[in-house]
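As structure tokens, the structure follows; a few thoughts come after it.
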Amino acid sequence: MTQPPSQQPPQGGFGAPQEPPQGSPQPPQGPPPSGPSQTPPPAQPGYGYPQTPGQAPGQAPGYGYPQQPGPYNQQQPGPYAQQPGPYNQQPGPYGQQPGPYGQPTQPGYGYPQQQYPGAPAPGQGGGNSSKRKPALIIGAAAVALLVIGGGIFIAMSGRDDDKKPVADKSGDAKPSSSPSVNEGNGNGDGRETDDDLNAGRKEGEAKVLWLQKNDVDLPGNGADVYGPWVVGDTVVKGMYRSVSGYSVTDGKQKWTLKLPADLCAAPSQPTTDGKIVIGVENGTTDKADCADLQMIDLNTGKAGWKKSVKQNGIWDMMSDVSLAISGDTVTVGRTGNSNAYRVSDGKELFGKQPGNCQPFAFAGGPKLIAASSCHTDDVDNPQHQIQELDPVTGKPRWTYRPKRGWEIDRVFSVSPLVVSLKKDKEWSVLSLKENGSLRSGLVSDKGDKFAPDCGNAFAVFGKSLDGCTGVAADANTFYMSTTPDSTGITDTNKVVAFNLNTGKSKWKAAAPAGRVVKPLRMEGGKVLLYVKAGYNKGGGIATLAPTGGTPQMVLRHPVSTAEIENSFYNSKIVYADGRSFIASGRVSASNDEEELETKTMMAFGN
């Protein structure tokens, strides 16, 4: 197991709500805040700082320890969050704490601190990311909800010519060729030959198609897993210094692309034809930045164009970048700057924008959404804005500004647009119309608690807007799962549907008895759910009608492999073409032997 240089993590939790006093946290009570205000697009378009999947807003980070999801001690917020004054101060390039967020907060309200296996204790070395950039790794992103009054607000609690990226040939990334796989019949080399994963399968249960173990020598602190992405008959994931594609049917490695340095960023989704652009560190020392872009064809594993993004200004490259793809455009976000390139050939489409507002994060997909922070005179009272951008020119199609002090946290859905905002311990979820005007602010019932799962890899200032699970949306309804309620031996939860026109809840659908469900996306007009494996109960994939009711299983995972299914750390679930894939969100171990025994991905199908 490769050991990284020693490093001292900074104190504090990046973007985590404040630690409550001893005992049950009691959020402040008060009247419901007023709603965000709509303003016309500014004369000077301001974009943000693009970023990559999964991050909570915040300040000084707490260094790289994945946090374990759990019953979050959260309350709910009430509709719109009231906020004073005009714009707020933009951090980073504007003379305060770099990054879109201001003052450091204490770690952890509602985020139980938990080390992943083999992680160094606080104060010890670790991490395979840039050593001068603290990283925060959080399991499921818990979002604090506040009870405000009687409502539960889901305010859930260019560039000069000489600074343009340099294009290089992509000879640094080399394809190679295979990991240990058990094909589910005992003949694979991933497990003992007499261990048939389907031996205990019952009638009506899906088959275990294959189970994969780690075959990569990782740093002593482990590494995050990017993906998985399913492209045709290939499932792809990236980790540490390689990106690999595997057969969806038997798990055998089809290709591997070796990287010259650490994989440090990736979009939540590739293009529709299977192309992706990843971030790779520009060296293997402590001083390396996440500054190299590498395009990859996920169908074949062949490397395409490569570019290096050069530093632009004092605060640039002080944060990890975040990436998002919309159409043939990939956006690159980091503190104080934004760039966009054509995925197909690497041509730069737009860069840093004029005006006093710059994007700090993007959400991709059918639309390109930018979250920006604006330069103001008060770092403690930020002014954010959200925009839909033309993915080719970068020009804003509309601009919406929430009240001062409210920071854009996540985009739960791009179309329809559902946005998560935070202000201190308050959380708000807003829905916007096609023209960017306010559609509604969601208000949940008293007692409901929510915890969207937005991944485990958090850059310090780089921040991904999209890629959350536990949420889904169709034209008029937003669906979100509640945090599990413990019933002693087992946990259970429900899905709450919100009317996007009124913001009010429409119905609640309970998970199967003793189970926990999590929305993944919409499919065929229904909500696609992952049903988590429970005590003596296999997991699976289910659908939920847009009118609610009882989840209907479409792929039932075997009870006999429930323990294995539950063993994946901070698992990522993908469902495609009747198969489900479960991948570990991070791989780490305390020694080499344990590292090679770590299960990394599992597939089920009929």
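104 is the number of the first residue of the sequence shown in the working numbering; add one for each residue after it. All residues carry an ideal CB built from backbone N, CA and C; glycine is no exception.
According to DSSP, which residues form a beta bridge with residue i?
| i | result |
| --- | --- |
| Ala645 | Leu632 and Met656 |
| Asp512 | DSSP lists no partner for Asp512. |
| Trp530 | Lys525 |
| Ala575 | Tyr582 |
| Val383 | Leu366 and Asp395 |
| Phe601 | Phe581 and Ser608 |
| Leu541 | Leu535 |
| Arg689 | Asp327 |
| Asp594 | Ser589 |
| Thr73 | Any property of residue 73 remains undetermined from this structure, which presents the chain solely from 104 to 709. |
| Gln456 | Looking at the DSSP assignment, Gln456 forms no beta bridge with any residue, so it has no partner. |
| Gln356 | Tyr349 |
| Asp556 | Thr572 |
| Phe707 | Val311 and Ser683 |
Could you give the residue range of the beta strand (DSSP E) that holds residue i?
| i | result |
| --- | --- |
| Ala665 | It is not in any beta strand (DSSP E) - Ala665 instead sits in the alpha helix (DSSP H) that spans Ala665 to Glu668. |
| Cys367 | Leu366 to Ala368 |
| Asp395 | Asp395 to Asp400 |
| Lys609 | Ser608 to Ala613 |
| Ala686 | Arg682 to Ala686 |
| Val351 | Looking at the DSSP string, Val351 is not in any beta strand (DSSP E), and its letter there is neither H nor E. |
| Leu492 | Gln486 to Leu492 |
| Ser425 | Ser425 to Ser429 |
| Leu314 | Lys310 to Lys316 |
| Leu452 | Glu451 to Phe453 |
So, using beta-carbon positions, are residue i and residue j closer together than 8 Å?
| i | j | result |
| --- | --- | --- |
| Glu384 | Asp392 | yes |
| Ala576 | Pro519 | yes |
| Gly688 | Asn709 | no |
| Ile472 | Val521 | no |
| Thr337 | Asn402 | yes |
| Leu63 | Val346 | The chain is shown only over 104 to 709; residue 63 falls outside these bounds and no answer can be derived. |
| Lys455 | Lys702 | no |
| Trp509 | Lys536 | no |
Comparing alpha-carbon positions, which option in the options lies nearest residue i?
| i | options | result |
| --- | --- | --- |
| Pro457 | Ala364, Glu491, Ala645 and His478 | His478 |
| Val620 | Glu626, Leu631 and Glu529 | Leu631 |
| Val657 | Ala665, Ser663, Ala648 and Thr664 | Ala648 |
| Pro462 | Pro469, Ala474 and Glu451 | Ala474 |
| Leu492 | Asn484, Gln486, Tyr503 and Gly439 | Tyr503 |
| Val334 | Ala692, Pro363, Glu666 and Ile399 | Ile399 |
| Glu711 | Gly641, Thr595, Pro587 and Val328 | Because the chain spans 104 through 709 in this model, residue 711 falls outside it and cannot be assessed. |
| Asp588 | Phe553, Val522, Cys571 and Thr572 | Phe553 |
| Leu366 | Thr374, Leu603, Gly550 and Gly382 | Gly382 |
| Asp556 | Ala616, Asp512, Thr580 and Thr359 | Asp512 |
| Cys571 | Asp327, Ser584, Asn459 and Asp527 | Ser584 |
| Val424 | Leu568, Lys357, Asp483 and Gly325 | Leu568 |
| Leu541 | Glu308, Leu452, Leu603 and Lys357 | Leu603 |
| Glu698 | Arg624, Gly307, Thr593 and Gly325 | Gly325 |
| Ala364 | Glu451, Thr388 and Gly354 | Thr388 |
| Gly467 | Gly386, Phe601 and Pro370 | Pro370 |
| Lys410 | Ser523, Pro615 and Lys450 | Lys450 |
| Asn639 | Glu696, Asp594 and Val599 | Asp594 |
| Lys549 | Val599, Trp509 and Asn579 | Val599 |
For residue i, collect the residues of the same chain with a Cβ closer than 8 Å to its Cβ; drop the 5 residues on either side in sequence, then sort them by chain order.
| i | result |
| --- | --- |
| Asn538 | Trp501 |
| Gly652 | Ala612 |
| Thr650 | Trp610 |
| Arg304 | Lys310, Val311, Pro661 and Ser663 |
| Pro331 | Val338, Val339, Lys340, Lys675, Val677, Phe684, Ala686 and Met704 |
| Lys378 | Met398, Ile399, Asp400, Leu401, Gly407, Val446 and Ser447 |
| Thr374 | Ile428, Gly430, Asp431 and Val446 |
Which two residues bound the contiguous alpha helix (DSSP H) that contains residue i?
| i | result |
| --- | --- |
| Gly626 | Before going on, a small fix: residue 626 reads as Glu here, not Gly. Careful: Glu626 lies outside any alpha helix (DSSP H), inside the beta strand (DSSP E) at Val620 to Glu626. |
| Glu696 | Asp695 to Glu700 |
Once you ignore the five residues that flank residue i on each side, which residues in its own chain have a CB closer than 7 Å to its CB?
| i | result |
| --- | --- |
| Lys470 | Ser429, Glu491, Val517 and Ser518 |
| Asn669 | Ala636 |
| Gln655 | Ala645 and Thr646 |
| Gln765 | Given that the chain is displayed from residue 104 to residue 709, the structure contains no residue 765 and the question cannot be resolved. |
| Arg344 | Lys361, Leu362, Ala364, Asp365 and Leu366 |
| Leu412 | What sits at residue 412 in the sequence shown is Val, not Leu. Cβ neighbours of Val412 beyond the five flanking positions: Pro268, Ala394, Leu396, Val435 and Asn442. |
| Leu533 | Pro139, Val522, Leu524, Leu541 and Gly544 |
Can you name, in chain order, every residue of its own chain whose Cβ lies under 6 Å from the Cβ of residue i, other than the five neighbours on each side?
| i | result |
| --- | --- |
| Ser447 | Asp431 |
| Met705 | Leu314 and Ile685 |
| Phe434 | Reading off the sequence, residue 434 comes out as Thr, not Phe. Counting only Cβ-Cβ distances below 6 Å, and skipping sequence neighbours, we find Pro153, Ala427, Ala443 and Phe465. |
| Val634 | Arg618, Val620, Gly642, Gly643 and Ala645 |
| Ser674 | Ile685 |
| Arg624 | Ala575 and Leu631 |
| Phe601 | Leu545, Phe581 and Ser608 |
| Pro494 | Ser429, Gly430, Thr432 and Leu471 |
| Asp271 | Low confidence applies to Asp271: its pLDDT is 42, below 50, so where it sits in the model is not reliable, and the reading given next is rough at best. The answer, listed in chain order, is Lys409. |
Quick check: is the beta carbon of residue i nearer than 8 Å to any beta carbon in chain C?
| i | result |
| --- | --- |
| Pro649 | In the structure shown, chain C does not exist; there is a single protein chain. |
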